[in-house]
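To start, the structure itself, in structure tokens.
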Amino acid sequence: MTNNMFSKTLFISNVSNEDSGNYTCIASNRVANTSYSTILNVQVPPKWVISPMDTEAIVGQKVVMNCVASGQSRVWWERSEVAD
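Below, the structure is given as structure tokens:
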């Protein structure tokens, strides 16, 4: 944090997901207090929590294939054609 009488600057070196959150800057003098809050949302790359696995199925039965990623990721499935 850098300091002078009328300003403060918050520096976070090597930011991580744990630094995400609500931060509040507060100013005060003999007359009044004031504050302003802002949200820090740290973007992290996706990482597999549950990796998809090759699966076999019998015609007519139900199939469940899990795929879970961390890092506030959007996850979806795509189907590729299988070569003969």
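Numbering (full-length UniProt numbering), first residue to last: 1 to 84. Idealized CB from N, CA, C, for every residue including glycine.
Task: Limits of the beta strand (DSSP E) - the one that residue 39 falls within - done: For the purposes of this step, residue 39 is taken as the residue at position 39 of the sequence shown. Here the beta strand (DSSP E) through residue 39 covers 33-40.
Open item on the list: My output table needs one value for residue 14: the three-state DSSP class, helix, strand or coil.
Closed with: By 1-based counting over the sequence shown, the position of residue 14 is 14. Coil, per DSSP.
TODO: Could you work out which residue in 61, 51, 80 and 64 is closest to residue 85 when comparing CA atoms only?
DONE: Because the chain is modelled from 1 through 84, residue 85 falls outside the range shown and cannot be assessed.
Task: Nearest-angstrom Cα separation, counted from residue 27 out to residue 48 - done: For the purposes of this step, residue 48 is taken as residue 48 along the sequence shown, with counting starting at 1. For the purposes of this step, residue 27 is taken as residue 27 along the sequence shown, with counting starting at 1. So the two alpha carbons sit approximately 43 angstroms from each other.
TODO: Report the option in 40, 34 and 33 whose CA atom is closest to the CA atom of residue 86.
DONE: As displayed, the chain neither begins before 1 nor continues past 84, which places residue 86 out of reach and without an answer.
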